[in-house]
Amino acid sequence: MADNITSIHLVTPTNATFVLPSTFYITGLYNIPHAKYYYLFLCFVYIVTFLGNSFIMGTIYLARSLHTAKYIAVFNLALSDLCGSSALIPKLLDMFLFENRSISYEACLSNMFFVYCFMTLQCLTLLALAYDRLIAICYPLRYHAIITKAAMVFIIGFMWVLSISVNAVLVALITRLSFCSSTTVNSYFCDHGPIYKLACNDNTINSIMGNVCTATLLYFPLLLIIASYVCIGFALQKIAHGVEQVKAMKTCTTHLILVAMFYLPIISVYTVALTTRIDTNTRIINTALTQTIPPMLNPIIYTLKTEEVMQAIKLLYKHAR
Numbered sequence: 003m004a005d006n007i008t009s010i011h012l013v014t015p016t017n018a019t020f021v022l023p024s025t026f027y028i029t030g031l032y033n034i035p036h037a038k039y040y041y042l043f044l045c046f047v048y049i050v051t052f053l054g055n056s057f058i059m060g061t062i063y064l065a066r067s068l069h070t071a072k073y074i075a076v077f078n079l080a081l082s083d084l085c086g087s088s089a090l091i092p093k094l095l096d097m098f099l100f101e102n103r104s105i106s107y108e109a110c111l112s113n114m115f116f117v118y119c120f121m122t123l124q125c126l127t128l129l130a131l132a133y134d135r136l137i138a139i140c141y142p143l144r145y146h147a148i149i150t151k152a153a154m155v156f157i158i159g160f161m162w163v164l165s166i167s168v169n170a171v172l173v174a175l176i177t178r179l180s181f182c183s184s185t186t187v188n189s190y191f192c193d194h195g196p197i198y199k200l201a202c203n204d205n206t207i208n209s210i211m212g213n214v215c216t217a218t219l220l221y222f223p224l225l226l227i228i229a230s231y232v233c234i235g236f237a238l239q240k241i242a243h244g245v246e247q248v249k250a251m252k253t254c255t256t257h258l259i260l261v262a263m264f265y266l267p268i269i270s271v272y273t274v275a276l277t278t279r280i281d282t283n284t285r286i287i288n289t290a291l292t293q294t295i296p297p298m299l300n301p302i303i304y305t306l307k308t309e310e311v312m313q314a315i316k317l318l319y320k321h322a323r
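If you're matching positions, the sequence shown starts at 3 in the numbering used here and goes up one per residue.
Below you can see the structure in the form of structure tokens.
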């Protein structure tokens, strides 16, 4: 079946056969009744994600009051959420609702690159927003001198370069692997781990690179976000009046909710996977939800929990009428 897919055989200088598959076969959920309803739910999630993030980006673009350094980062988060979901969900629906589970080698590597690239950007943008809150609360008098539009554009630009570069290397290392037996990927997209583990030749460097990327681009930003809120906590202790403490903390509420929604499910899945063996279907369902639900909820939370955005929406609505 999927394991007998046509491959390209290359003979290396050492006379070892290097097998480059023409296609991979993505299994998705296995032997679960009514699995299509789950994929239809993800279709609904994508529609809400597309509309919500487009709405937030449009609001930031049209409302002059939101043309600030902070909302450059918020715009980038919405863009990352939208592009990340677009890289993942439409292809997932094509594979599992329309039974097109075979994906060409090149398309698979492209899918892997874009999914991981935008996931990395989501992590780094949450870190940029944490930095914004840190300066706003710990150095309020110097905030506008430190967090300028130019500074935030530089930070966002650096994040894009970092994400593209690291993930390009991650994907490029897959091309050195030979797939001489199975090409069936036990995941719902071209997932890095399940793919490099199928290789017949040495995949040690792929394993190391995967662990390094997870540590530096997922866990390290989380540690910096936690450190920033520790500093914010100490700064708030120095504020004499409780009302001012509550007011300052309210400006962090939205960001804390976004961080919790993004990191708690991912950290939970990764931690359990390190300690025990997770059923493939359970891993696929949990990981798919952690990659699709936060991008859907982020614009809703920013709209409902941020007074500046609500005021901007009301003004735009008033002008439109």
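Using N, Cα and C, we set each Cβ at its ideal position, and we do this for glycine too.
Beta bridge counterpart(s) of residue i as assigned by DSSP
i       : result
Val-311 : Note: Val-311 sits in no beta bridge, so no partner.
Val-187 : Ile-28
Ser-106 : Thr-25
Identity of the residue in the options nearest residue i by Cα
i       : options                            : result
Lys-173 : Pro-142, Leu-226, Tyr-107          : For the record, residue 173 in the displayed sequence is Val; it is not Lys. Among Pro-142, Leu-226, Tyr-107, the Cα nearest to that of Val-173 belongs to Tyr-107.
Leu-291 : Leu-266, Ser-180, Tyr-198, Thr-177 : Leu-266
Ser-87  : Met-121, Ile-286, Ile-228          : Met-121
Cys-119 : Ser-165, Ile-149, Thr-289          : Ser-165
Lys-38  : Tyr-73, Phe-100, Phe-26, Ser-167   : Phe-100
Glu-309 : Ser-67, Asn-33, Leu-42             : Ser-67
Leu-238 : Ile-137, Thr-29, Ile-34, Cys-45    : Ile-137
Thr-256 : Val-245, Thr-277, Pro-301, Phe-222 : Pro-301
Ser-167 : Tyr-145, Met-211, His-146          : Met-211
Ile-268 : Arg-323, Tyr-221, Phe-236, Pro-196 : Tyr-221
Asn-113 : Arg-144, Ala-250, Ile-197          : Ile-197
Neighbour flag for residue i against chain C, beta carbons, 8 Å
i       : result
Arg-103 : No chain C appears in this structure, which consists of one protein chain only.
Own chain residues within Cβ distance below 8 Å of residue i, not counting five before or after
i       : result
Cys-254 : Arg-135, Ile-139, Tyr-231, Ile-234
Ile-259 : Ile-303, Lys-307
Leu-111 : Val-173, Ile-176, Thr-177, Cys-192
Tyr-141 : Ile-148
Ala-170 : Phe-115
Thr-216 : Tyr-272
Spatial neighbours of residue i in its chain, beta-carbon cut-off 7 Å, leaving aside the 5 residues before and after
i       : result
Ala-75  : Thr-127, Ala-130, Leu-131, Asp-134, Met-154, Ile-158
Thr-289 : Val-271
Asn-17  : Below a pLDDT of 50, predicted positions are generally treated as unreliable, and Asn-17, at 47, falls in that range; no measurement from the model is reported.
Ile-280 : Val-274
Ile-34  : Asn-283
Asp-83  : Thr-51, Asn-55, Gln-124, Pro-297, Asn-300
Whole-Å CB distance - residue i paired with residue j, under 8 Å assumed
i       : j       : result
Cys-332 : Val-21  : With the chain covering 3 to 323 only, the question about residue 332 has no answer from this structure.
Leu-90  : Thr-282 : Not confirmed; about 18 Å, so no contact.
Leu-64  : Leu-219 : Contact doesn't hold; Cβ gap of about 32 Å is too wide.
Leu-42  : Ile-286 : Not a contact, Cβ separation roughly 16 Å.
Leu-179 : Asn-208 : 7 Å
Phe-77  : Ile-62  : 5 Å
Met-298 : Val-117 : In fact, because the Cβ distance is near 16 Å, the residues do not count as touching under 8 Å.
Tyr-27  : Val-187 : 7 Å
Ala-80  : Lys-151 : About 17 Å; that fails the 8 Å criterion.
Val-261 : Ile-227 : 6 Å
Own chain residues within Cβ distance below 6 Å of residue i, not counting five before or after
i       : result
Phe-264 : Pro-296
Pro-15  : Bear in mind that a pLDDT of 48 at Pro-15, under 50, signals an unreliable position, so the number given afterwards is only what the model happens to contain. Within the same chain, Pro-15 has no close Cβ partners at all.
Cys-45  : Leu-95
Gln-247 : Leu-238, Ile-241
Tyr-48  : Ser-87, Ile-91
The segment 54 to 64 / the segment 297 to 307 touching (three or more Cβ pairs under 8 Å): yes
Stretch-stretch touch, CB-based, cutoff 8 Å, three pairs: the segment 120 to 127 with the segment 148 to 164: yes
Segment contact flag, the segment 201 to 209 with the segment 101 to 118, C-beta cutoff 8 Å, min 3 pairs: no
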